[in-house]
Ligand SMILES: [Fe+2]
Ligand SMILES: [Fe+2]
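In this note's numbering, the protein residues as written are 184 to 457.
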């Protein structure tokens, strides 16, 4: 088992923009990227509580103390993520998108259903299926410089930069917890397919819903361009395929030296670190 035992649990403070100040194209002024980030924020608000509840149920059965400590810190990082996204999600929802809150509520009910009716193996597989994608996404987005783009809203940029950084910091945990309990790579691959498809279906619904409303009030630049959609699809398909390779392991991912510097910066910026 190889995990970093002392993943820092940072309590962060970000000031969400006021409702009057908010513009939906807050990531690089780009419709596809901005709606994708709004959808991620709405998705994790229900996903991450599901992660924490699912892992807490099996925590006592993790016999390796180092892995148990890492899993505990993973839960505490994820709990911070969804709590920090809530204020930003309120601003997005207050912008007025008929059907968006209902779609998010349906997502919550789906996660509640997974908690009530599915097995621990399904849930831990789901977490790993999601994490194996998010780690790659985090590396890609941080490398892109998108969050420092002059047309990216600074507070949204910092929120997502911090979240993506911590996804990279805890990249080994779900993979190792899954392996601790299950020697079943076929199931891991099936759950990658399931979890990622579940997420993308939610994100697509949100993007369509928000873009359709915003075109009417902010103009045609809120329309998602087919070439931007195509680029995103190519990039995300590559990450999804990589996560589903039988030999996939987060231990093989190359982590640039800049990630350590970013970790230090957010640790210094944190209100509290445990
Ligand atoms: Fe997270
Ligand atoms: Fe995560």
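Idealized CB from N, CA, C, for every residue including glycine.
Other residues of its chain near residue i: CB distance less than 7 Å, five sequence neighbours each side excluded
{"i": "residue 347", "result": "321, 324 and 325"}
{"i": "residue 334", "result": "211 and 212"}
{"i": "residue 398", "result": "405 and 406"}
{"i": "residue 240", "result": "303"}
{"i": "residue 338", "result": "197, 198, 199 and 200"}
{"i": "residue 251", "result": "242 and 245"}
Test item: CB-CB of residue i and residue j under 7 Å
{"i": "residue 199", "j": "residue 269", "result": "no"}
{"i": "residue 431", "j": "residue 374", "result": "no"}
{"i": "residue 244", "j": "residue 388", "result": "no"}
{"i": "residue 336", "j": "residue 209", "result": "yes"}
{"i": "residue 227", "j": "residue 265", "result": "yes"}
{"i": "residue 194", "j": "residue 454", "result": "yes"}
{"i": "residue 290", "j": "residue 385", "result": "yes"}
{"i": "residue 416", "j": "residue 353", "result": "no"}
{"i": "residue 190", "j": "residue 256", "result": "yes"}
{"i": "residue 254", "j": "residue 414", "result": "no"}
{"i": "residue 145", "j": "residue 433", "result": "For residue 145 there is no data in the structure shown, the boundaries of the chain being 184 and 457."}
{"i": "residue 342", "j": "residue 197", "result": "yes"}
{"i": "residue 313", "j": "residue 378", "result": "yes"}
{"i": "residue 400", "j": "residue 192", "result": "no"}
Beta-carbon contacts of residue i that lie in its chain and below 6 Å, excluding the five residues immediately before and after
{"i": "residue 262", "result": "235"}
{"i": "residue 293", "result": "none"}
{"i": "residue 411", "result": "215"}
{"i": "residue 221", "result": "275"}
Option nearest residue i by Cα separation, candidates the options
{"i": "residue 319", "options": "337, 349, 300 and 333", "result": "349"}
{"i": "residue 214", "options": "455, 392 and 446", "result": "392"}
{"i": "residue 315", "options": "361, 201 and 330", "result": "361"}
{"i": "residue 380", "options": "424, 401 and 252", "result": "424"}
{"i": "residue 340", "options": "224, 457, 189 and 190", "result": "224"}
{"i": "residue 376", "options": "420, 259 and 202", "result": "420"}
{"i": "residue 365", "options": "229, 207 and 311", "result": "311"}
{"i": "residue 277", "options": "204, 328 and 445", "result": "204"}
{"i": "residue 230", "options": "351, 295 and 254", "result": "295"}
{"i": "residue 218", "options": "448, 408, 445 and 433", "result": "408"}
{"i": "residue 445", "options": "456, 403, 344 and 367", "result": "344"}
{"i": "residue 441", "options": "222, 207, 327 and 426", "result": "327"}
{"i": "residue 367", "options": "436, 267 and 427", "result": "427"}
{"i": "residue 125", "options": "429, 372, 436 and 390", "result": "Nothing can be reported for residue 125, as the shown portion of the chain is limited to 184 through 457."}
Three-way DSSP call (helix, strand, coil) for residue i in this model
{"i": "residue 492", "result": "The question about residue 492 has no answer, for the chain in this structure spans 184 to 457."}
{"i": "residue 360", "result": "helix"}
{"i": "residue 456", "result": "strand"}
{"i": "residue 306", "result": "helix"}
{"i": "residue 290", "result": "helix"}
{"i": "residue 349", "result": "helix"}
{"i": "residue 415", "result": "helix"}
{"i": "residue 202", "result": "coil"}
{"i": "residue 497", "result": "As displayed, the chain neither begins before 184 nor continues past 457, which places residue 497 out of reach and without an answer."}
{"i": "residue 279", "result": "coil"}
{"i": "residue 436", "result": "coil"}
{"i": "residue 235", "result": "helix"}
{"i": "residue 420", "result": "helix"}
{"i": "residue 447", "result": "helix"}
{"i": "residue 382", "result": "helix"}
{"i": "residue 247", "result": "coil"}
{"i": "residue 210", "result": "coil"}
{"i": "residue 335", "result": "coil"}
{"i": "residue 224", "result": "helix"}
Beta-carbon proximity list for residue i, same chain, < 8 Å, skipping 5 on both sides
{"i": "residue 298", "result": "233, 236, 237 and 306"}
{"i": "residue 422", "result": "316, 319, 320 and 323"}
{"i": "residue 448", "result": "none"}
According to DSSP, residues forming a beta bridge with residue i
{"i": "residue 194", "result": "455"}
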